[in-house]
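S.K.: This is the structure I have questions about; it appears just below.
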Amino acid sequence: MKLALILAAAIAAPFILHAAPPEVQKKKKNKRERPAAEVPAAPDRPAASVTPSASNPWHDWTASGGEKLEGKFKALENGILTVESKDKRTVRFPLARLSPDDQKLAQACKAAQPRPPMAQDVIVKAAARLDESINNALKKSGVAPNAATADAQFVRRLYLDTVGRIPTQEESQSFLTDTAPGKRAGLINTLLNSPGYTMHMYNWLADMLRVKDDYGKGAKAFLYEDWLKDQIAMNRPWDIMVRDMLTADGKLNENGAAGFLLRDAQMPLDGVSNMLTTFLAADVSCAQCHDHPFAEWTQKDFYGMAAFFGASDGFHEDTYRKIRQLAKSAPQLNKGVSQLLTSNAYNLVDLPKQHLKFPADYKYDNAKASEQVKPELIRWNDASKLNPAYKVDDVKPSQLRNEFAEWMTHPENPRFAAAIANRVWKKVFGIAVQEPVSDLDDPSGASNPELLQHIATYMKQAKFDLREFQRILFNTAAYQRQASEAPEDPKTYRFPGPILRRMSAEQAWDSIITLAAGDDGDHILLRRGDDLRKTAIPSEQINAENVQKLIATVMESGRKMNLGGKGGKKGGGKINPNAIGAAYEGGTPQVRAGLVLARASELPQPAPENHFLRLFGQSDRLVSDTNTTDGSVPQMLQLMNGPVQEVIAGSSTALAAASKAATPAEKVASLSLSFLGRQPTPTESEKFVAALNGGLSVRDVAWVLLNSREFLFVQ
Amino acid sequence: MKSDLLQFNETSRRLFIERLAKSTLGLSILPFLPGQNLRAEDAKPATSAGAVRGKAKSVIMIQLTGGLSQIDSFDPKSGASKGPGDAIKTSADFQISSFLPQTAKIADKITVIRSMTAKVGVHDSAQYLMRTGFEKRGTIVHPMLGAWAQHYLGASHETLPSSVCINRPSNHGNGFFPATMSPLPILSPEEGLKNARPAADVATTDKRLALLSEMDKTFTGKVKDAGVAAYNEFYQSTLRLMKGKDLECFDLDKESADMRAKYGQNRFGQGCLLARRLVEGGVRYVEVESGGWDMHKDIEGGMEDRGGEFDTAFAALIADLEGRGMLDSTMVVVATEFGRKPSFDGSGRGHHPLVFSCVLAGGGAKRGFIHGASDDAGGHVKSDPVTVGDLHATIATACGMPIETPVTSPSGRPFTVGNKGKLVAAVLS
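Protein chains in written order, with numbering that gives the first Met the number 0: chain S, 0 to 714; chain V, 0 to 428.
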């Protein structure tokens, strides 16, 4: 193992940090190895309180509550420590919840790693290059760039765009009163390296990848969800992540990375269509059934691509039937059995033969109906003959997915870098350089084609490190300008600034959590895959006796399998805190007005119907990119009269701070900082103070601020 | 302009939504979406049938999830397929199962389609098909009829939502249309609309609102954004709803004990009553769900319980609508996932999509009419097959929607209401 950071060992103690056994990795070898993404070797270096030694890499990591886990340092990114335990399990833990000594140690381990982020001057130069392109386009079209943001606008926007929530009163205040010249760049760095970044990125990915707890009949995708969070927490590059997802083998309850393809195991053609649309911005959904009416896609192209997945099988009907039979024969277990075992029917394997055929009603003369499809990569133009990404030299059925993944995630793939760069740009600016992000088939459709090229190039230069790429974008002058109204035609938008947006459902919820409990939520992490892992049983061992044993094992762990609770018909969007509670690390979220006060990423995926998150537009995760920011009457009712009022008005951090303030004016200022990240204007202050003196309470002022348009919008 | 609105892509979607938000609230009159209170006759549906369409101003869609056994309800059989109930006479010239005695009394007001047919025999997919008229895909979500109607005909009321679904969450709702077209879910008819009552007293609420309006003036004065403006309107609309009489539409306490008893003191019965109140108030499309129809075991017990609840509520609803003079303008649809097998598996029957029954009543549907037939065993369509798409196209036509004009989804794909299903002109009067 390359990890040379050596730490003194201590006595092994029982640990509560929930560990996961090693991922079942794809056994096949990737022929064209690219630089490994994992943390490279670190030089020996003295660390805080422990002396590393070459002979012993182990350390007893101690949580602030005293629990210990023996493991070796793997990564410290975004305020989350990742260690590998002795039995090679990957474990994540919030840095802030480690003992002070071990926090220092983790920092030291990280400092010893030779893979530093891009140097600030490189970032600044790249940002300047993008600004130049934007400024030229603005000049050409005679549009003036927007004025620079005031610090108060900037700090609130940056928190929402990086860590997915509003800043706390203290966080705003500390930035606003900071007089250091480079404080904006400094804050960007701090926030991109904090746990909220993982949560915010996860929400963004979950919408894109349609992440869902439940794959049907009790099959759970918890391990996939944990895996995705691990990837972001370790800041693994996008190309590696995607490659791992496309080449993973194994069961839904064994290998997290397999969860991506298993999501569409019962509709594999739809799965291919989704994958091409998401990762390559190639909108092929039409070509699935007929030649694309406008773009160059033919149905044959689609089938040629789909054939790379034609030797893979994900859903095993026979196993599923066996589980159903067992459930029927053991009525005392009944539903529980299906819940426990169905994940076993989701198993990604490669068959000896590629079996995809053209449909029986295929109507074009470039192939025969019902004929076996030959795997073929789409060539957008003749240049692809010379393109190294197209080097396909092994089409054995067992290698098809690997070949496809190599091609798709290759830096020279004509689409892969541009597609993700364009998507991240949209995340940061509110509108993509080319809309929609799911379709780059017509390159002339970009509002600024040169800009699109630039960002694709920077994406490659950043080696698909999405965090570094975002660091560039946040450092542009364009991002730091005031927001514009959304344009009617996105093609005409020249980026005089980002666009004004309503908070996403997750940003709104996470901001309310912040008002209620400060930054607590950032350090409470949900992990539900470990129990699921225990349910992996070989098909031939599925019988009543083994199921009884399994139930005993799962019960012993003290947690319930059906974590998270359902969006029950009468549940009113509530999540059962008893069911989900034991799965948190770093702390237990508060429960107020029946709501679990954890970050959106650390709640069931998606949240139950009627939960605040869903009312505010969280996707139901059936189709990619369907989070919305549309308004609705139930939304307004929720904000005005719903349980979130109780969450905020109860013993919330924001109200407690305001109540402590001495004078009415100070109370108003405190609330304004908490909710809006700024001081009240003199007029506002006057009006609110008058209201307080006229019989309204601090709680009433909080009600007004929460319901104000300004609260919900990101300026 | 028309094509512009029909072809919204993902990026112009936001603006589209903002415009819609306005039309939802009846603030602006759009060329193609003329806001609320559009009389359906004016829509001039593009059907080739030529008959008078658009009688249905509202639709109450009853969804029996799990799969209603056609033989034990609207298509009774003799011989080996016969269920535990007998065929009984009705007020029309056809028979139905003895599990539906109340329905038999109002049979002269309904059309039974006995030749429904589909391919999907899995609950989730079949439910999706019946709600949207489309097969379930992983790449797009299709809208349900209420959303199509809102798209074509505009909002049905100034403050009330255009679509409501009772006893179920709002999934399979607006589909690819904006969220403003999503149905408002009422999970418990007794509770009505949640969070509709201000937590604070009237005086405090008024003071809060005054302060809020001051505060927002500054922000919205500074920020000229259509999205913010749309939100302002949502607030106004919500306040109107909270303060106005319309809220009473959601309140079953406003009904007499006698009326509540007529519909049956259960979730489904009260849901049907709530549906009637909402339609009366101006909601165009209301879906009421009744679960528990998946009778793999004990058809007899199931039909006595679930069937009894349905029978009471459905008959009460039809009679109530008729009594109020609303039946001609309200189309009541009884829909389900699929039928059940003619053969028995123990005391129950398995899934059977090949042939099943649906019912239409009011809103221009014929009275006392049978359309199509199953074969003697009740296992196949014998004549006049009707697909789920056909059923949707027929309801859509009854509402005055054009069924042949495609709409382009945000992802650029063309779709029509009912997925190119054919109008079953024979069932409309």
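Note that beta-carbon positions come from the ideal geometry of N, C-alpha and C, so glycine has one too. Just so we're clear, the structure is a prediction, and the values are computed from it rather than from any experiment.
Express the C-alpha separation of V:I109 and V:D319 in angstroms, rounding to a whole number.
M.R.: In a straight line, the C-alpha of V:D319 is about 14 Å away from that of V:I109.
S.K.: To the nearest angstrom, report how far apart S:R378 and S:L275 are at their CA atoms.
M.R.: Spanning the two alpha carbons is a distance of roughly 14 Å.
S.K.: Mind listing which residues of the region 201-230 of chain V have their C-beta closer than 8 Å to chain S's C-betas, in chain order?
M.R.: Result list: T203, K206, R207, L210, L211, E213, M214, D215, T217, F218, T219, V222, K223, D224, A225, G226, V227, A229 and Y230.
S.K.: Using the C-alpha atoms, what's the distance from S:T148 back to S:A218?
M.R.: Distance between the alpha carbons of S:A218 and S:T148: 48 Å.
S.K.: Locate the alpha helix (DSSP H) running through S:Q172, then write down its first and last residues.
M.R.: Segment Q168 to T176, the alpha helix (DSSP H) holding S:Q172.
S.K.: Grouping DSSP H, G and I as helix and E and B as strand, with all else coil, what is S:S342?
M.R.: The answer is helix: DSSP assigns S:S342 an H, G or I state.
S.K.: With DSSP as the reference, label V:G268 as helix, strand or coil.
M.R.: It is helical.
S.K.: Sort V:I112, V:L152 and V:H370 by Cα distance to V:M180 and report the nearest one.
M.R.: That would be V:L152, whose Cα lies nearest to the Cα of V:M180.
S.K.: Taking only the alpha-carbon atoms, compute the straight-line gap between S:L654 and V:A209 and give it to the nearest angstrom.
M.R.: Each residue's Cα considered, the two are about 21 Å apart.
S.K.: Does the beta-carbon distance from V:M241 to V:P182 come in below 8 Å?
M.R.: No, the Cβ-Cβ distance between V:M241 and V:P182 is not below 8 Å.
S.K.: Taking buried to mean at least 16 other C-beta atoms within 10 Å of its own C-beta, is V:G371 buried or exposed?
M.R.: Looking at its Cβ environment, which holds 16 or more other Cβ atoms inside 10 Å, V:G371 is buried.
S.K.: State yes or no: is the beta carbon of S:C108 nearer than 8 Å to at least one beta carbon in chain V?
M.R.: Closer than 8 Å: no.
S.K.: Measure the CB-CB distance between S:L222 and S:G496 and report whether it falls below 8 Å.
M.R.: No. Outside cutoff.
S.K.: Please confirm if the region 685-696 of chain S is in contact with the region 665-673 of chain S, defined as three or more CB-CB distances below 8 Å between the two stretches.
M.R.: They touch, by the three-pair rule.
S.K.: Determine the chain A residues that contact V:R412 at a beta-carbon separation under 7 Å, and present them in chain order.
M.R.: Given the protein chain composition of this structure (S and V), no chain A is represented.
S.K.: Return the chain-ordered list of same chain residues with a C-beta closer than 7 Å to the C-beta of S:K352, the five sequence neighbours on each side being excluded.
M.R.: The residues are A310 and P396.
S.K.: Our contact map puts V:Q101 next to V:A314 with C-beta atoms below 8 Å; I'd like the distance itself, whole angstroms only.
M.R.: With 8 Å as the limit, V:Q101 and V:A314 qualify as a contact, their Cβ atoms being about 4 Å apart.
S.K.: Indicate the three-state DSSP secondary structure (helix, strand or coil) for V:V287 in the structure shown.
M.R.: Residue state, collapsed to three classes: strand.
S.K.: Identify whether V:H391 lies in helix, strand or coil by the three-state DSSP scheme.
M.R.: Reduced to three states, the DSSP call for V:H391 is helix.
S.K.: Name the DSSP beta bridge partners of S:G249, please?
M.R.: S:L347, per the DSSP bridge assignment.
S.K.: Against chain S, does V:V140 count as a neighbour if the rule is that its beta carbon must be under 8 Å from one of theirs?
M.R.: So, interface residue.
S.K.: Examine the Cβ distances between the region 592-606 of chain S and the region 144-164 of chain V and report whether three or more of them are shorter than 8 Å.
M.R.: Contact between the region 592-606 of chain S and the region 144-164 of chain V is absent, because fewer than three Cβ pairs lie under 8 Å.
S.K.: Got a sec, what are the start and stop residues for the beta strand (DSSP E) S:F463 sits in?
M.R.: Segment: none, S:F463 is in no beta strand (DSSP E) and carries neither H nor E.
S.K.: DSSP state of V:K421, grouped into three classes?
M.R.: Of the three classes helix, strand and coil, the one that applies to V:K421 here is coil, per DSSP.
S.K.: What residues in the region 685-709 of chain S have a beta carbon less than 8 Å from any beta carbon of chain V?
M.R.: For the region 685-709 of chain S, which is checked against every Cβ of chain V, the residues closer than 8 Å are K686, F687, A690, G693, G694, L695, D699, V700, W702, V703, L704, N706, S707, R708 and E709.
S.K.: Tell me whether the beta-carbon of V:L272 lies closer than 8 Å to the beta-carbon of V:V285.
M.R.: Not a contact, by the Cβ cut-off of 8 Å.
S.K.: Measure the alpha-carbon distance for S:V23 versus S:A543 and round it to whole angstroms.
M.R.: A caution first: S:V23 carries a pLDDT of 45, below 50, which makes its placement in the model too unreliable to give a value.
S.K.: Should S:L704 go down as buried or exposed, given a rule of 16 or more other Cβ atoms within 10 Å for buried?
M.R.: It is buried - the Cβ of S:L704 has at least 16 other Cβ atoms within 10 Å.
S.K.: So for V:F343, helix, strand or coil by DSSP?
M.R.: V:F343: coil per DSSP, three-state reduction.
S.K.: How many Å lie between S:D778 and S:I579 at the Cα?
M.R.: What is shown of chain S runs 0 to 714, which leaves residue 778 of chain S out entirely.
S.K.: Is it true that the CB of V:G174 sits closer than 8 Å to the CB of V:M143?
M.R.: Yes, they are a contact pair.
S.K.: Identify the contact partners of V:F233 in chain S, using a Cβ-Cβ distance below 8 Å as the criterion.
M.R.: Neighbours of V:F233 on chain S, chain order: G630, S631, V632, Q634 and M635.
S.K.: Can you tell me where the beta strand (DSSP E) holding V:R113 begins and where it ends?
M.R.: From DSSP, the beta strand (DSSP E) with V:R113 extends over I109 to M115.
S.K.: Is the separation between the beta-carbon of S:A306 and that of S:V372 shorter than 8 Å?
M.R.: Yes.
S.K.: In the region 423-443 of chain S, which residues sit with their C-beta less than 9 Å from some C-beta in chain V, listed in chain order?
M.R.: If the cut-off is 9 Å between Cβ atoms, the region 423-443 of chain S has I430, A431, E434, P435, V436, S437 and D438 near chain V.
S.K.: Tell me which residues of the region 161-187 of chain V have at least one Cβ-Cβ distance to chain S shorter than 8 Å, keeping chain order.
M.R.: The region 161-187 of chain V vs chain S, Cβ under 8 Å: N166, R167, P168, S169, N170, P177, A178, T179, S181, L183, P184, L186 and S187.
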